[in-house]
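The sequence shown finishes on residue 172 if you use this note's numbering, and the numbering steps up by one all the way, no holes. C-beta: ideal position from N, C-alpha, C; glycine also. Since we're looking at a predicted model, the values are computed, not measured. What follows is a short report on a single structure.
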Amino acid sequence: MSISLHEASAVAYIRGFRALAALLVKAKDHGGDALVDKRLAPDMLTLAGQVQRASDTAKFGIARVADVAPPAFEDNETTIDQLLARIDGTVKWIESVPAETVDAGASRTITRKLGPQERTFSASEYLLAFALPNFYFHVTTAYDILRHNGLPVGKMDYLGFTG
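Here you go:
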């Protein structure tokens with residue numbers, strides 16, 4: 010059995026965003042907008058920053074592999090509802106990119122500056138070794154910020170298996 014680049018990336022991003030959105034909906038009733046500026050450590054991004062980076066990682070991951078232009082977002086969200094709108098916009102854009110377009114990028118190479126060095130990846134390596142882990146880092150950190158601030162959620166919420 011094989012898995013396509015689209016299944017490994019777009020489908021995974023959308024599932025992660027749906028779980029993150031469900032967490033944010035729960036957060037509206039437990040601290041609400043006061044949580045948007047919370048962070049785990051002084052040198053880490055806020056909840057808003059984590060959602061913004063998850064969004065950017067997903068949209069640029071798809072855009073670079075599919076060779077399409079991603080939407081621009083301003084990174085100016087200050088409320089839970091605005092973060093939910095950001096997630097919704099990202100998901101809608103990912104859904105608008107045809108699976109065939111993502112899969113056609115399989116032979117593409119992607120060069121990214123990582124710290125002081127440039128690194129060239131195959132499309133699958135870029136998605137599997139860089140973009141997806143980076144996406145999950147930010148989704149996990151957003152979950153951790155919410156959990157640390159008392160949101161009563163657990164692993165099944167993170168995985169998206171609760172209603």
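Alpha carbon to alpha carbon, how far is residue i from residue j?
i	j	result
T150	M165	16 Å
D153	L49	8 Å
L56	H147	9 Å
A173	G169	Because the chain in this structure spans residues 10 to 172, residue 173 falls outside the shown range and cannot be described.
F93	W102	Here residue 93 is Leu; the residue named in the question, Phe, does not match the sequence. Roughly 14 Å separates the two Cα atoms.
A19	L141	10 Å
K37	P51	23 Å
T118	S13	16 Å
A129	A17	With the sequence shown as reference, residue 129 is identified as Thr, and Ala is not the correct amino acid for it. C-alpha separation (whole angstroms): 20 Å.
P125	R73	21 Å
L160	S116	43 Å
F139	F69	12 Å
M53	Q91	21 Å
K122	K35	37 Å
Check the DSSP bridge columns for residue i and list the partner residues they point to.
i	result
E127	K122
Might you give, ordered along the chain, the residues of its own chain that have their beta carbon closer than 6 Å to the beta carbon of residue i, omitting 5 neighbours on each side?
i	result
D46	T55
A108	H15
A9	Beyond the ends of the chain as shown, which are 10 and 172, falls residue 9; an answer cannot be given.
T88	D42
F26	I96 and V100
E127	T120
T171	M165
In chain order, what residues of the same chain have a beta carbon less than 7 Å from the beta carbon of residue i, not counting five sequence neighbours either side?
i	result
N158	G40, L44 and K47
S11	none
Y167	A28 and Y152
R156	V162
L33	I89, L92 and L93
Y22	A67, I103 and F144
For residue i and residue j, which I take to be in contact (beta-carbon distance under 8 Å), what is that distance rounded to the nearest angstrom?
i	j	result
G98	P80	7 Å
R95	Q61	7 Å
Strictly under 8 Å for the Cβ-Cβ distance: is residue i near chain C by that measure?
i	result
A30	No chain C is part of this structure, which consists of one protein chain only.
Leaving aside the five residues before and after residue i along the sequence, list all residues of the same chain whose C-beta is less than 8 Å from its C-beta, in chain order.
i	result
L137	A17
V77	I71, V106 and T110
- Query: Between the region 35 to 43 and the region 126 to 133, do three or more beta carbon pairs fall short of 8 Å?
  - Reply: At 8 Å Cβ cutoff, the stretches do not touch.
- Message: Is it the case that the region 57 to 70 contacts the region 81 to 92, given that we only count it when at least three CB pairs across the two stretches are under 8 Å?
- Response: yes
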